[in-house]
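Protein chains in written order, with the working numbering: chain A, 1 to 320; chain B, 1 to 320.
Even for Gly, the Cβ is constructed at its ideal location relative to N, Cα and C.
Before any comments, here is the structure.
2 protein chains.
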Amino acid sequence: MSADRAAGVGAGAAVTLGLDLGGTAIKWVALREEIVVASGSAPTPRSGAEAVVEAMAAVAVAAGPLEAVGVGVPGLFDPDGTSHGLHNVPGLKGRYPLGAALAGEVGAPVRLANDARSFTLAELRLGAGKADRHLVGVTLGTGIGGGVAVDGRVVLGRDNRAGELGHQTVDPQGALCGCGNRGCVETFASVPSILAGAARAVLQGVDTSLRAACGGVVSALTPVMVTAAAADGDPFARDVIDRAGVALGIGLANVCNIIAPERIVVGGGFAAALEILRPSLEETLRRRARPVGACPVVAAGLGQHAGAVGAALWTREPLR
Amino acid sequence: MSADRAAGVGAGAAVTLGLDLGGTAIKWVALREEIVVASGSAPTPRSGAEAVVEAMAAVAVAAGPLEAVGVGVPGLFDPDGTSHGLHNVPGLKGRYPLGAALAGEVGAPVRLANDARSFTLAELRLGAGKADRHLVGVTLGTGIGGGVAVDGRVVLGRDNRAGELGHQTVDPQGALCGCGNRGCVETFASVPSILAGAARAVLQGVDTSLRAACGGVVSALTPVMVTAAAADGDPFARDVIDRAGVALGIGLANVCNIIAPERIVVGGGFAAALEILRPSLEETLRRRARPVGACPVVAAGLGQHAGAVGAALWTREPLR
């Protein structure tokens, strides 16, 4: 143990930094042991990969002496820290040595993880799943991310790709998904899919309160307009939400049948939709998770910084 | 280490017995270390639970000195060795203290496991998946069983129920499954589902070679008649097989997206159908396993005794 670590949790002792890299913001936390001692957010630069690395490095420098840095990324990465397929992050769509570039700037070891697997790890260790050994994490947002934990560890699988719950097929003849498949959970339950369903109702001229909500301008529709209209009983908003809940319920029932979790934790930028999705989601889960049986579906315990907390925690997981 | 074990692998040294309890036969192997030193099969008695236990005990006595006995069961069980829901085994549909009853007869520790999870463990340790850390096992037969292995261990999940790959929903409005759900993989790809599809073709009077194959008597249809007719190009047999392959492909693509295995191993009583199912199965897997990517699908390496081998191997796994 280094002198810094032996100094314990006093001011100035080294921290583990967790960064949650998103398309619009870099959320961060500084962890000492399992305590969040600082947290914040910075805008994601739009001028290229180097600028993104510089912005992350600036957060790291401000955090003080570092034991390690974990970065949760919205996409894929290789074990050597090369990111790829971060389609939502300006300048990082292609292959980029993100881990090495950041480590060079901050002088501390850097480990990459997928953002939804980071969320799942945080909820497993410190959040709504901390009493569980078998847990499923789902993030609702622009996409549907996920992670599965078995026997107390988040599953990585071949090439760190396990956990893509949102790309299960629920309608073999369904709409084309960004992944290239048809009828994925994501084509029903992601924010863009829900907005598209609401836009259809407005555009087809039916009697829906969504029209007044957006002033007749479908590009002004927001997820909150749809959930609010559904809560108020608008049948078209309700239909969009229920179709999302059923699709998510089918996907989660499949996961229950495959890994038999003790709990499902829901987070992500659209996590507030859980309660309006819950009736259709839970009815579907109950009917379709057989013979394994359904399990409780709960809201995330760590709030919007769960992904950053999980990214920090990944630096302490054994390499596999 | 006991004196018996120290005596090594010579004749008379204790063996680990693996029993694969099926509706019509009890298959068994005797393992010394990882070598099958004897194997066989006995009919499953139809006169009740006690007779089934006696038949298993008779196999055990014939096998000689026993270190432990593992029993693979076609259904559910509690950690204390109580079986339930063995719908295909005469006398064992309800709750029965199978482990304790057999242990009392044979004087050795008895451990229960699910039959498809036993198959998966055997293929992971000694069969077609022995080079893999992340593996999926599928058994084709009266039902569609399964198991998933992560980081070199078969996943058990809550109440030992993980691995029910055959009860994933692939058609939300599909036929009612024995499990109570609609449109499970099993409603397309199990032997009864394939026979029902063939029977429909014969009964609706279309031009299919299946009619001549069964002499017009649909109850005489066999799985081999359907796979042979499909191989010969009969369009109705081909359609039944392709629908089975697509459904299995969707289920396996979902599993790829969830756990990112290195390989999928196919076994069970209807495993010979893999090659006729392969074109539709693999095309579906390729198109739908995104962004994780497909993996090779291979035939089981251990043959019809894989389940019994896995049942024996379970006795050496840590309890969790």
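CA nearest to the CA of residue i, picked from the options
i	options	result
residue 83/B	58/B, 113/B and 105/B	113/B
residue 233/A	276/A, 258/A and 191/A	276/A
residue 191/A	253/A, 181/A, 207/A and 166/A	166/A
residue 301/A	19/A, 119/A, 77/A and 14/A	119/A
residue 21/A	87/A, 32/A, 62/A and 223/A	87/A
residue 273/B	245/B, 196/B and 163/B	245/B
residue 101/A	85/A, 81/A, 89/A and 308/A	81/A
residue 133/A	141/A, 122/A and 149/A	149/A
residue 17/B	24/B, 109/B and 90/B	109/B
residue 249/A	231/A, 226/A, 278/A and 39/A	278/A
residue 336/A	299/A, 193/A and 156/A	One cannot answer for residue 336/A here, as it falls past the ends of chain A, which runs 1 to 320.
residue 293/B	315/B, 258/B, 318/B and 308/B	258/B
residue 284/B	265/B, 254/B and 196/B	254/B
residue 33/A	185/A, 230/A, 247/A and 126/A	126/A
residue 290/B	123/A, 111/A, 183/A and 296/A	183/A
residue 231/B	74/B, 219/B and 210/B	210/B
residue 242/B	270/B, 221/B and 189/B	189/B
residue 316/B	111/B, 267/B and 261/B	111/B
residue 207/A	219/A, 229/A and 195/A	229/A
residue 48/B	72/B, 35/B, 95/B and 13/B	95/B
Inter-residue Cα distance where the pair is residue i and residue j
i	j	result
residue 187/A	residue 176/A	8 Å
residue 201/A	residue 280/A	20 Å
residue 65/B	residue 104/B	15 Å
residue 212/A	residue 173/A	33 Å
residue 238/A	residue 158/A	39 Å
residue 252/B	residue 216/A	43 Å
residue 304/B	residue 98/A	49 Å
residue 45/B	residue 235/B	40 Å
residue 151/B	residue 140/B	24 Å
residue 256/B	residue 61/B	42 Å
residue 117/A	residue 58/B	50 Å
residue 70/A	residue 288/A	37 Å
residue 38/B	residue 26/B	14 Å
residue 42/B	residue 93/B	20 Å
residue 107/B	residue 67/B	10 Å
residue 15/B	residue 179/B	37 Å
residue 223/A	residue 299/B	47 Å
residue 147/A	residue 115/A	9 Å
residue 19/B	residue 306/B	10 Å
residue 227/A	residue 135/A	27 Å
residue 311/B	residue 79/A	36 Å
residue 6/B	residue 91/B	Caution applies to residue 6/B, whose pLDDT of 33 falls short of 50 and renders its modelled position unreliable; the model cannot decide the point.
residue 28/A	residue 55/A	11 Å
residue 123/B	residue 137/B	8 Å
residue 365/B	residue 263/B	Residue 365/B is absent from the model: chain B starts at 1 and stops at 320.
residue 3/B	residue 320/B	Below a pLDDT of 50, predicted positions are generally treated as unreliable, and residue 3/B, at 33, falls in that range; the measurement from the model is reported next regardless. Approximately 28 Å between the Cα atoms of the pair.
residue 195/A	residue 296/A	27 Å
residue 220/A	residue 153/A	42 Å
residue 73/A	residue 85/A	10 Å
Limits of the unbroken beta strand (DSSP E) element including residue i
i	result
residue 254/B	No beta strand (DSSP E) contains residue 254/B, which is instead part of the alpha helix (DSSP H) from 235-259.
residue 43/B	35-43
residue 265/B	263-267
residue 226/A	Element bounds for residue 226/A: not the beta strand (DSSP E) but the alpha helix (DSSP H), 223-231.
residue 146/B	144-150
residue 140/B	135-140
Residue-level contact to chain C via CB, residue i, 8 Å cutoff
i	result
residue 165/A	Looking for chain C here will not work: the only protein chains present are A and B.
Integer Cβ distance of residue i from residue j, believed to fall under 8 Å
i	j	result
residue 30/B	residue 63/B	5 Å
residue 77/A	residue 181/A	The Cβ separation is near 22 Å, so there is no contact.
residue 240/B	residue 198/B	6 Å
residue 163/A	residue 170/A	Contact doesn't hold; Cβ gap of about 17 Å is too wide.
residue 23/B	residue 89/B	6 Å
residue 36/B	residue 128/B	No, residue 36/B and residue 128/B are not in contact; Cβ-Cβ is about 16 Å, not under 8 Å.
For residue i: DSSP bridge partner residues
i	result
residue 72/A	20/A and 113/A
residue 66/B	15/B
residue 184/A	169/A
residue 84/B	76/B
residue 298/B	265/B
residue 154/A	149/A
residue 121/A	Residue 121/A pairs with nothing; no bridge assigned.
Delimiting residues of the alpha helix (DSSP H) encompassing residue i
i	result
residue 32/B	It is not in any alpha helix (DSSP H) - residue 32/B instead sits in the beta strand (DSSP E) that spans 25-32.
residue 283/B	274-288
residue 337/A	No answer is possible for residue 337/A: the residues shown for chain A start at 1 and end at 320.
residue 309/A	306-314
residue 192/B	191-203
residue 99/B	98-106
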